[in-house]
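> For reference, the structure I am asking about is given below.
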Amino acid sequence: MLVKKAVGFTPALADSRWVKGLLIATALAFLLLFLVLPLVAVFVEALRRGTDAYWAALVEPDAVAAIKLTLIVAAIAVPMNLLFGVAASWCIAKFDFRGKDVLITLIDLPFSVSPVISGLIYVLLFGLHGLMGPFLKSQGIQIIFAVPGLVLATVFVTFPFVARELIPLMQEQGNEEEEAALVLGASGWQTFWRVTLPNIKWGLLYGVLLCNARAMGEFGAVSVVSGHIRGETNTMPLHVEILYNEYNLVAAFAVASVLAMLALVTLVVKSVLEWRFGAELAATRH
Amino acid sequence: MVAATSSDTVLPNTGGTVLSVLRKPSVLPGFGLTLGFTLTYLSLIVLLPLAALVLKAAGLGWSGFWDAVLTPRVLAAFKVSFGLSLAAAAVNAVFGFIVAWVLVRYRFPGDRIVDALVDLPFALPTAVAGIALSALYAPNGWIGSLLMEWFGMKVAFTPLGIAIALTFIGLPFVVRTVQPILQDLPPEEEEAAAALGATRWQAFRRVVFPALLPALLTGFALAFARGVGEYGSVIFIAGNIPGLSEILPLLIVIKLEQYDYAGSAAVGVLMLMASFVLLLALNLLQAWMRSRHAR
Numbered sequence: 001m002l003v004k005k006a007v008g009f010t011p012a013l014a015d016s017r018w019v020k021g022l023l024i025a026t027a028l029a030f031l032l033l034f035l036v037l038p039l040v041a042v043f044v045e046a047l048r049r050g051t052d053a054y055w056a057a058l059v060e061p062d063a064v065a066a067i068k069l070t071l072i073v074a075a076i077a078v079p080m081n082l083l084f085g086v087a088a089s090w091c092i093a094k095f096d097f098r099g100k101d102v103l104i105t106l107i108d109l110p111f112s113v114s115p116v117i118s119g120l121i122y123v124l125l126f127g128l129h130g131l132m133g134p135f136l137k138s139q140g141i142q143i144i145f146a147v148p149g150l151v152l153a154t155v156f157v158t159f160p161f162v163a164r165e166l167i168p169l170m171q172e173q174g175n176e177e178e179e180a181a182l183v184l185g186a187s188g189w190q191t192f193w194r195v196t197l198p199n200i201k202w203g204l205l206y207g208v209l210l211c212n213a214r215a216m217g218e219f220g221a222v223s224v225v226s227g228h229i230r231g232e233t234n235t236m237p238l239h240v241e242i243l244y245n246e247y248n249l250v251a252a253f254a255v256a257s258v259l260a261m262l263a264l265v266t267l268v269v270k271s272v273l274e275w276r277f278g279a280e281l282a283a284t285r286h
Numbered sequence: 001m002v003a004a005t006s007s008d009t010v011l012p013n014t015g016g017t018v019l020s021v022l023r024k025p026s027v028l029p030g031f032g033l034t035l036g037f038t039l040t041y042l043s044l045i046v047l048l049p050l051a052a053l054v055l056k057a058a059g060l061g062w063s064g065f066w067d068a069v070l071t072p073r074v075l076a077a078f079k080v081s082f083g084l085s086l087a088a089a090a091v092n093a094v095f096g097f098i099v100a101w102v103l104v105r106y107r108f109p110g111d112r113i114v115d116a117l118v119d120l121p122f123a124l125p126t127a128v129a130g131i132a133l134s135a136l137y138a139p140n141g142w143i144g145s146l147l148m149e150w151f152g153m154k155v156a157f158t159p160l161g162i163a164i165a166l167t168f169i170g171l172p173f174v175v176r177t178v179q180p181i182l183q184d185l186p187p188e189e190e191e192a193a194a195a196l197g198a199t200r201w202q203a204f205r206r207v208v209f210p211a212l213l214p215a216l217l218t219g220f221a222l223a224f225a226r227g228v229g230e231y232g233s234v235i236f237i238a239g240n241i242p243g244l245s246e247i248l249p250l251l252i253v254i255k256l257e258q259y260d261y262a263g264s265a266a267v268g269v270l271m272l273m274a275s276f277v278l279l280l281a282l283n284l285l286q287a288w289m290r291s292r293h294a295r
């Protein structure tokens, strides 16, 4: 992302040292206050009572259950949206058809919906008093306050991530290589696996990375559908909330620090992908 | 966008007859399969559930809907959510612009790390941000205690705390929309302005800033829209006092916990309508600015 051009070095465009220093100081102070301090606070609060209390909070059964549940939900939701993202970008980027712009807008829709509404819609559909509630109850199927509801809400909030990375990337790459493969006798699947996939792999990884970070960290949407049953329907962010509301601050920040580390790893991998494959990913940075 | 090439005459159309009406011919296979899957998945996950929300709110009837929405508590939450999101987006417009400027125009040690860090609010789970901010700004926290001591100011558990959380959450939007435009800005016009005798400030105000304004407004609107829907980072620091520091998303949760499904759906629809109006206004504004600054 950070590609310095010659702009700053044209003498006519160089700002005075005072202006430059003042602006850099302002920007860094703002970022220190709003980004760095909260991040540092998570780890300081987590280690307030020492490493023993920290580890105890992480290996306690409810915490372990929350970590497992978070991994399970992400392990279902992310591949679903991965599959969708590839399919959607194939039909949108490789073909011209009517209503394409509407389709793209609809795919982005979940990003403009509040997370709470993302959970609410499934409660209205599948909750006990929801549209399909009585039917589901008679069949003995539970979606809300259970894992399927958590997965659905997570799929909704992470819905556009993979598709919106791949669509511009595949549009920019065009169809020539695929057409050549087909003319030379490759089947459709062979063309996809051998030609398209290698071309989009870094963009795909980028989208999956962001999708996964959001899936594991989502709070609002899963909070609405979870029912907050300890050890059963609490993901890690919900477990953090419960501990925090019980004034068990060290444990809350300990679990939060695991999520913060996930965020940091995500940022590092994301930056490495941008620095290393910036040109290939450029289509997705509009 | 690459149009389907001359393949329609040279190679047989492999698509189905119905679908070929919808699209231009292409040799690539899989259109029916991928479009069918995309539409089915989109409908099941996104469109039908959202339709259920609208249906539930519509079940109240026209007057019932407004009765559910125009209560003092909902209106107060509406003001809190939209007012504070606006304030936070304004703070981000100013400081996000400075951050974008510094990242693009200046080099300093660690600039790449700073650049990567800007995305932290996107990556950090909102609940983590929420408890971290409330720990910092609580009366006994690192920043909260100082503000209390110096100014007698209480931040956490007041509307000001909500604004802090919304500033955190909206921070990347302005930076990430302004940054690429500033990056691609041709230096020639600025150089011409300088050559013609403009000061740096004049060149910035007359040449650079107008070119960046559409991006700045987009970033502002995105941060604003995100703030209105935000839940996780806000509820820990807000104090959640009805009428004072209660946000709209929390009100939906409270109504849901009271099994007032229709009421929560009504508030949800209200939020969707407001976001829709906001995005529409933004698009119109951008179209207007584009026609005004068309070169």
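Chains A and B supply the protein sequences, listed in that same order.
Residues in the first sequence are numbered from 1 upward in steps of one, following my numbering.
Residues in the second sequence are numbered from 1 upward in steps of one, following my numbering.
All residues carry an ideal CB built from backbone N, CA and C; glycine is no exception.
These numbers come from a predicted model, not from an experiment.
1) Straight-line CA distance for A53(A) to E246(A)?
2) Taking CB distances under 8 Å as the criterion, tell me whether F277(A) reaches chain B.
3) Does A65(A) have its Cβ less than 8 Å from a Cβ in chain B?
4) Thinking just about the alpha-carbon of each residue, which of L279(B), I169(B), F31(B), V102(B) is nearest to the one in A87(B)?
5) Do the segment 141-159 of chain A and the segment 192-206 of chain A meet, that is, are 3 or more Cβ pairs less than 8 Å apart?
6) Does E149(B) pass the burial test, meaning 16 or more other C-beta atoms within 10 Å, or should it be called exposed?
7) May I ask which residues mark the beginning and end of the alpha helix (DSSP H) holding T105(A)?
8) Nearest-angstrom Cα distance between R48(A) and A260(A)?
9) Under 8 Å between C-beta atoms, does A3(B) make it to chain A?
10) Are L136(B) and P237(A) touching if we call contact CB-CB under 8 Å?
11) Which bits of chain B does K68(A) rub up against, with CB to CB less than 9 Å?
12) Name the chain A residues that come within less than 7 Å of W101(B), Cβ to Cβ?
13) In the structure shown, what three-state DSSP assignment does R107(B) receive?
14) List the residues of chain B that H129(A) touches, going by C-beta distances under 7 Å, in chain order.
15) Compare the Cα-Cα distances from V157(A) to each of S134(B), Q179(B), P125(B) and report the closest residue.
16) I want to see whether chain B comes within less than 8 Å of T158(A), judged by CB atoms only; does it?
17) At a Cβ threshold of 8 Å, is N13(B) touching chain A?
18) Anything in chain A within Cβ reach of L53(B), meaning under 8 Å, just list it in chain order.
19) Verify the CB distance criterion: does F161(A) have a CB-CB separation below 8 Å to chain B?
20) If we cut at 8 Å on Cβ distances, does K24(B) have a partner in chain A?
21) With A29(A) and I98(B) assumed to form a contact (beta carbons below 8 Å), what rounded beta-carbon distance in angstroms separates them?
22) Starting from the beta carbon of N212(A), find every residue of chain B whose beta carbon is closer than 8 Å, and list them in chain order.
23) Check for me: the alpha helix (DSSP H) holding A138(B) runs from which residue to which?
24) Closer than 7 Å by C-beta to L53(B): which residues in its own chain qualify, once you throw out the five before and the five after it? Chain order, please.
25) Are Y206(A) and E172(A) close, meaning C-beta to C-beta below 8 Å?
26) Counting only the same chain and skipping the five closest in sequence on each side, list residues whose C-beta sits under 6 Å from that of P249(B).
27) Whose C-beta lies closer than 8 Å to the C-beta of K270(A) among residues of the same chain, with five residues either side of it excluded?
28) If A203(B) and E188(B) are in contact, beta carbons under 8 Å, what's the gap, nearest whole angstrom?
29) Tell me, please, whether the CB atom of T158(B) is closer than 8 Å to any CB atom in chain A?
30) Can you confirm whether A256(A), when its beta carbon is compared against all beta carbons of chain B, has any partner nearer than 8 Å?
31) Taking only beta carbons into account, state which residues of the segment 216-241 of chain A come closer than 7 Å to chain B, listed in chain order.
32) Do the segment 116-129 of chain A and the segment 216-224 of chain A touch if we need at least three Cβ pairs shorter than 8 Å?
33) Write down every uninterrupted run of the beta strand (DSSP E) in the segment 204-245 of chain B whose length is 3 residues or greater and which is fully enclosed by it, in chain order.
34) Between L32(A), T51(A), A14(A), A74(A), which lies nearest to S257(A) when the distance is taken from Cα to Cα?
35) Counting only Cβ pairs nearer than 9 Å, list the residues of chain A close to I237(B).
36) Please list the segments of the alpha helix (DSSP H) lying wholly inside the segment 14-90 of chain B, counting only runs of 4 or more residues, in order along the chain.
The short version:
1) 16 Å
2) Under the Cβ distance rule, F277(A) does not count among the residues neighbouring chain B, no pair being separated by less than 8 Å.
3) no
4) For A87(B), the closest of L279(B), I169(B), F31(B), V102(B) by C-alpha to C-alpha distance is I169(B).
5) Judged by Cβ distances under 8 Å, the segment 141-159 of chain A makes no contact with the segment 192-206 of chain A, as fewer than three pairs qualify.
6) E149(B) sits exposed, since fewer than 16 C-beta atoms from the chains shown fall within 10 Å of its C-beta.
7) 100-108
8) 16 Å
9) Note that A3(B) scores 43 on pLDDT, short of 50, meaning its location in the model is unreliable; the coordinates nonetheless yield the value given after this. It does; some Cβ of chain A falls within 8 Å.
10) no
11) Near K68(A) there are no residues of chain B at all, since even the closest Cβ is about 17 Å away, more than 9 Å.
12) L23
13) coil
14) Y259, Y261
15) P125(B)
16) no
17) Its pLDDT being 46, under 50, N13(B) is placed unreliably by the model, and nothing is read from it.
18) I117, L120, I121, L124
19) no
20) yes
21) Going by Cβ atoms, the distance from A29(A) to I98(B) rounds to 10 Å, so no, they are not a contact pair.
22) In chain order: nothing, as chain B lies at least about 10 Å away.
23) Counting along the chain, A138(B) falls outside any alpha helix (DSSP H), and DSSP gives it neither H nor E.
24) A265, G268, V269
25) no
26) Y231
27) Only Y206, L209, L210 meet the Cβ criterion.
28) With a Cβ gap of about 12 Å, A203(B) and E188(B) do not count as contacting.
29) no
30) yes
31) G217, F219, G220, V224, P237, V240, E241
32) Taking 8 Å as the limit for Cβ pairs, the verdict is that the segment 216-224 of chain A does touch the segment 116-129 of chain A.
33) none
34) T51(A)
35) Within chain A, no residue comes near I237(B); the closest Cβ sits about 11 Å away, beyond 9 Å.
36) Runs found: 17-22, 31-42, 48-58, 61-69.
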